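When the sequence shown is numbered by the working numbering, its final residue is 552 and no position is left out of the sequence of numbers.
Let me begin by presenting the structure, written as structure tokens, before commenting on it.
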Amino acid sequence: MKKIIISTIVITALSTFWITKSILNSNGDHHHNEHAEHHGDHHDEIGDEHSSAISITPEILKEFGIQIGIATGGVVEEMIELPGEIQIDPDRLAHITPRFDGVVKEVFKQIGDRVKKNELLAIIESNESLTAYELRSSINGIVIDMHFTKGETAQRPDHFFAVADLSEVWVNLSVYQKYLHLIQIGQSAKILLGSHVPPISGKISYLSPTLDEHTRTATARVILKNPDLKFRPGQFISGQVIVGQTKCKIVVPKTAVESVNNQQVIFVKDYHGFEPVPIRIGKNNSESVEILSGLSNGQEYVKKGGFVLKAQLAKGSFSGEHNH
């Protein structure tokens, strides 16, 4: 009788244990699912909190040219962009013509040749005196045009050498009427020659008092030093004139901002790696962006090369060690 009672107690205890464990497991699974759903609501656009983190080594950062910055305040300049053209300073251009009509006996310089002041350009035999005389450059510069051929008759003003001193050039910007009230002499301007050349800084030294009768634009002039002759007269450029400045709490280079799932993000560095963090931007120009939310002062972020990390979100990390 005692054995039967003991067996009954043991069976009852085991049944109670398994029922209790089953209930606990069921509650745990339900709680886990609720947490997962709640967690997913916050990361449905970018990804799970750490699943989108990319862990890479300093060597890979260097290899792909990824640059890290620290978020700080700064100034965002308000700019207007104007079309323009590089031109020769008329005071640095000389048209050298023969003193008398005659036959060209010798020609010593061609278009593109550098010449010095008083350097010999050609020898001409006068039709009147039948004596030869020399044609020399009146300035230092480069021969940019010429109408002289050995053996032909040289006549003024059809025959000449054009020599230009290009060590300094004009940049003439066309100012539309709607911007005239914003442009002043002394303002800073950035001259853009293309993506392969850094912007060149200068100041507006002249603003025309009248408008061009055909284009209805004014001319704002920036004078640039040109020792390497990289600015070529006739070259079309654009100029950004700085018309205002705004102090901002957080400013980053424009290269730091990427788009992930139609949302603007910055890759922020933490102990998990690099996370794409949604941001809200404020004032911006072609170089800088004000960050209104998403990035805090002192945080490390990718200021250049974020497009490389963006590409890894779709295909996994560089080493295959994608944090989950």
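Glycine included, C-beta positions come from ideal geometry on N, C-alpha and C.
Keep in mind it's a predicted model, so treat the numbers as computed, not measured.
Lys453 versus Gly501: straight-line alpha-carbon distance, rounded = Along the sequence shown, one-based indexing puts residue 453 at 225. Along the sequence shown, one-based indexing puts residue 501 at 273. About 46 Å.
key: Residue from Asn400, Val335, Tyr499 whose Cα sits closest to the Cα of Glu309   = Counted from its first residue, the sequence shown places residue 309 at position 81. Among Asn400, Val335, Tyr499, the Cα nearest to that of Glu309 is on Asn400.
query = Closest to Ile324 by CA distance: which of Glu362, Leu420, Gln527, Lys532 is it?
reply = Here the question's residue 324 lines up with position 96 in the sequence shown. Answer by Cα proximity: Glu362.
query = Between Gly522 and Pro506, is the Cβ-Cβ spacing less than 8 Å?
reply = Sequence index remark: in the sequence shown, residue 522 carries index 294 (1-based). Sequence index remark: in the sequence shown, residue 506 carries index 278 (1-based). Their beta carbons are under 8 Å apart, which means Gly522 touches Pro506 by this criterion.
inquiry  = Beta-carbon within less than 6 Å of Ser354's beta-carbon, same chain only, minus the 5 sequence neighbours each way: which residues are those?
reply    = The sequence position of residue 354 within the sequence shown is 126, counting from 1. Cβ within range, chain order: Phe328, Gly330.
ask   = Between Thr445 and the rest of its own chain, which residues show a CB-CB distance below 8 Å, the 5 nearest in sequence each way excluded?
value = Here residue 445 refers to the residue found at position 217 of the sequence shown. Listed in chain order, the non-local C-beta contacts of Thr445 below 8 Å within the same chain comprise Ser402, Val403, Tyr404, Gln405, Leu439, local neighbours out to five positions each way being set aside.
Contact between the stretch 467-484 and the stretch 295-304 (3+ Cβ pairs under 8 Å) = yes
ask   = By how many angstroms is the C-alpha of Asp317 removed from the C-alpha of Glu396?
value = As a working mapping, residue 396 is identified with position 168 in the sequence shown. As a working mapping, residue 317 is identified with position 89 in the sequence shown. Rounded to whole angstroms, Glu396 to Asp317 spans 8 Å at the Cα level.
ask   = Is Ala281 closer than 8 Å to Glu518 when the C-beta atoms are compared?
value = The sequence position of residue 518 within the sequence shown is 290, counting from 1. The sequence position of residue 281 within the sequence shown is 53, counting from 1. Contact: no.
task = May I ask you to verify whether the stretch 374-382 touches the stretch 330-349, counting CB pairs closer than 8 Å and requiring at least 3?
result = Three or more pairs of CB atoms, one per stretch, sit closer than 8 Å, so the stretch 374-382 contacts the stretch 330-349.
task = Could you check how far apart the C-beta atoms of Phe336 and Leu321 are, in whole angstroms? I think they sit under 8 Å.
result = Reading the sequence shown from its first residue, position 108 is the one you call residue 336. Reading the sequence shown from its first residue, position 93 is the one you call residue 321. The beta carbons of Phe336 and Leu321 sit about 20 Å from each other, so the pair does not count as a contact at 8 Å.
task = Give, in chain order, every unbroken run of the alpha helix (DSSP H) that is at least 4 residues long and sits entirely within the stretch 372-412.
result = none
task = Would you mind stating whether Gly430 and Ile413 have Cβ atoms separated by less than 8 Å?
result = As a position in the sequence shown, residue 430 is number 202, starting the count at 1. As a position in the sequence shown, residue 413 is number 185, starting the count at 1. Against a cut-off of 8 Å, the Cβ pair of Ile413 and Gly430 comes out as no contact.
ask   = Per DSSP, Phe292 is paired with what?
value = Residue mapping note: residue 292 aligns to position 64 of the sequence shown, counting from 1. DSSP lists no partner for Phe292.
query = When you compare each of Val391, Thr447, Ala417, Thr474 to Ser516 by their alpha carbons, which one comes out closest?
reply = Residue 516 sits at position 288 when you count from the first residue of the sequence shown. It is Thr474.
key: As assigned by DSSP and simplified to three states, the class of Thr285   = The residue you call residue 285 lines up with position 57 of the sequence shown. DSSP places Thr285 in coil when its eight states are reduced to three.
For Leu439, the residue or residues it bridges with in DSSP = Your numbering for residue 439 matches position 211 in the sequence shown. Per DSSP, none; premise fails for Leu439.
inquiry  = Judging by CA-CA distance, which residue of Lys458, Val391, Leu457, Ala360 is the nearest neighbour of Met374?
reply    = Within the sequence shown, residue 374 is the residue found at index 146, counting from 1. The shortest C-alpha separation from Met374 is found at Val391.
task = Alpha carbon to alpha carbon, how far is Arg460 from Gln468? Give it in angstroms, no decimals.
result = Within the sequence shown, the letter at position 240 stands for residue 468. Within the sequence shown, the letter at position 232 stands for residue 460. Rounded to the nearest angstrom, the two C-alpha atoms are 19 Å apart.
query = By Cβ distance, which residues of its chain are closer than 6 Å to Ile237, with the 5 residues on each side in sequence left out?
reply = In the sequence shown, residue 237 corresponds to position 9, counting from 1. For Ile237, the pLDDT reaches just 40, beneath the cut-off of 50, and the residue's location in the model is therefore unreliable, although a value from the coordinates is still provided. If we look at Ile237 and ignore the five residues flanking it on each side, it has no Cβ neighbours.
query = beta strand (DSSP E) containing Val332: first to last residue?
reply = For this step, residue 332 is matched to residue 104 along the sequence shown. That run of the beta strand (DSSP E) goes 330-335.
Counted within 10 angstroms of its Cβ, other Cβ atoms place Arg342 as buried (16 or more) or exposed = Start at 1 with the first residue of the sequence shown, and residue 342 comes out as number 114. That one is exposed.
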